[in-house]
Amino acid sequence: MTTDDKDRDTVTENSPRTTATPHAPDGPARAGWAASSPEMSVRHLEVGYGGAPVLRDVSVTFPAGRVTALVGANGCGKSTLLKTCARQLTPASGEVLVGGEDVRGWHRTRFARTVGFLPQDPVAPEGVSVRELVSRGRHPHRGAFGRWRAQDDAAVAEALELTGLRELVDRQVTDLSGGQRQRVWIALALAQQTDVLLLDEPTTYLDIARQVEILDILGQLQRARGITLVMVLHELSLAARCADVLVALKDGVVVAQGTAAEVMTDATVGHVFDMRARVLHDRVTDARVVIPLSTGAARPGASDGSPVASQPGPVPVPSAPCADAPPGRTPEAPSPIRADDHEVSS
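Per UniProt numbering, numbering of the sequence shown is gapless, rising by one per residue and ending at 346.
Spelled out as structure tokens, the structure:
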């Protein structure tokens, strides 16, 4: 695997870049942070396929005990970055660090006990039950003779409990719904009991209710164990509600990183996704909501490329996964943001 570092993207005056240092949000939502969870970082990473560069001089830190979401358009390098962090891809140059230590020298068993990785489209083998598949997460912890121990039973039971799969343990994985199968794969990753967990689009192909369900499970897990969690997510509004830190990529370069309030602005979202959008602040959930306006393609009322005027009336806001509702309010029924009283990020 090679990469060409001659052509590097630069951030121009019109290309917004945010590099604020992430900080812990207020409130009890992340009270379970574990001080022992290591941070993961990459330094000057160059990765490519067949000589074509995909990641260009990427340096970024995923804070210890926090939830980080990687966002950006298709093909920007999100999955490549995650796979490189998981040692599924070998960089042409640069390094991946866990707790400040270069993982290239780690034995694969040590790495598997520290870093868990769930790819985008895992395929379950035929004839495997939920219990059997989840149990495979214990493989890195088996002794020299592969003996199954009491702590392995406990880890599998805990993973099944956290993901709500106790009633499905004897079902064939291939017989489950998409949302149930995704919970099984997450349970496998939880049974591995790593301090760092990397998930590549864990909500892919799921409807909005199942997306919220999966992200709720992950949020509860992160708060309970204080692990360092890094996810690739496509839905910006959900990413803003779930993540402590957002990292936005464009054309293989990190163009913004920080809290949702720092990263999710009209200018940054427009730059990253090549579209016009408005980012609203929902005062009920204290989260950012993205309203796409146009990608610039011809459409009625905007043939001249001018911004599309927002229409009066309420703008529906999805319920908040991975976050507790403010006292006295529930995320299932937030007050609507109206066009005449919304808050727009600057």
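We treat Cβ as the ideally placed atom computed from N, Cα and C, and that holds for glycine.
Query: Entirely within the region 82-147 and at least 4 residues each: give me those alpha helix (DSSP H) ranges in chain order.; Result: 108-114, 130-135
Query: Out of curiosity, what's the CA-to-CA distance linking Val317 and Arg108?; Result: Confidence at Val317 is low in this model, with a pLDDT of 39, below 50, so the placement of that residue should be treated as unreliable; the coordinate-derived value is given next. Going by the C-alpha atoms only, they are around 44 Å apart.
Query: Under three-state DSSP, which class holds His234?; Result: coil
Query: Taking its Cβ as the centre, do 16 or more other Cβ atoms sit within 10 Å of Gly258, making it buried, or is it exposed?; Result: buried
Query: Give the straight-line distance between the Cα atoms of Ser306 and Phe273, rounded to the nearest whole angstrom.; Result: The predicted position of Ser306 is uncertain, since its pLDDT is 41 and thus under 50; a value taken from the coordinates is nonetheless stated next. One C-alpha to the other measures close to 18 Å.
Query: With a threshold of 16 other CB atoms inside 10 Å of the CB of Pro312, please say whether the residue is buried or exposed.; Result: Reliability of the predicted coordinates at Pro312 is poor, the pLDDT of 38 falling under 50, and the value obtained from them is presented with this limitation in mind. With fewer than 16 other Cβ atoms within 10 Å, it is exposed.
Query: Going by other Cβ atoms of all chains shown within 10 Å of its Cβ, with 16 needed for buried, is His271 buried or exposed?; Result: buried
Query: Find out if the Cβ-Cβ distance for the pair Asp266, Arg283 is shorter than 8 Å.; Result: no
Query: Just to confirm the assignment, what range does the beta strand (DSSP E) spanning Glu46 have?; Result: 40-49
Query: Measuring only the C-alpha atoms, how far is Val128 from Gly105?; Result: 34 Å
Query: Can you tell me the Cβ-Cβ gap for Thr114 and Thr194, rounded? I've got them flagged as a contact below 8 Å.; Result: 6 Å
Query: How would you label Ser79, buried or exposed, when you count the other beta carbons within 10 angstroms and need 16 or more for buried?; Result: buried
Query: Under 8 Å: do the region 236-253 and the region 175-195 share three or more Cβ pairs, one atom per stretch?; Result: no
Query: Reducing DSSP to helix, strand and coil, say where Ser79 ends up.; Result: helix
Query: Name the residue from Gly99, Lys83, Asp251 whose alpha carbon lies nearest to the alpha carbon of Cys76.; Result: Asp251
Query: If we ignore side chains and look at the alpha-carbon of each, how far apart do Ser135 and Gln220 end up?; Result: 21 Å
Query: What does a CB cutoff of less than 6 Å around Leu97 pick up in its chain, not counting 5 residues either side in sequence?; Result: Ser41
Query: Note down, one range per segment and in chain order, each beta strand (DSSP E) of at least 3 residues found wholly within the region 258-293.; Result: 276-282
Query: Which same chain residues, not among the five before or five after Ala69, have their C-beta less than 6 Å away from its C-beta?; Result: Met231, Leu233, Ala239, Ala243, Leu246
Query: Using the three-state DSSP reduction, which class does Asp153 fall into: helix, strand or coil?; Result: helix
Query: With DSSP collapsed to three states, give me the class of Ala52.; Result: strand
Query: Below 7 Å CB to CB, which residues in the same chain sit around Leu206 once its five sequence neighbours on both sides are set aside?; Result: Gly178, Gly179, Gln182, Ile214
Query: Per DSSP, Ala224 is paired with what?; Result: According to DSSP, which records beta bridges pairwise, Ala224 is partnered with nothing at all.
Query: In whole angstroms, give me the CA-to-CA distance for Arg138 and Val130.; Result: 14 Å
Query: Looking only at DSSP bridge pairs, what is Thr61 linked to?; Result: Ser41
Query: Just to confirm the assignment, what range does the beta strand (DSSP E) spanning Ala69 have?; Result: 67-71
Query: Rounded to a whole number of angstroms, what is the C-alpha to C-alpha distance between Leu293 and Met275?; Result: 7 Å
Query: Quick one: give me the first and last residue of the alpha helix (DSSP H) that Val184 is part of.; Result: 178-191
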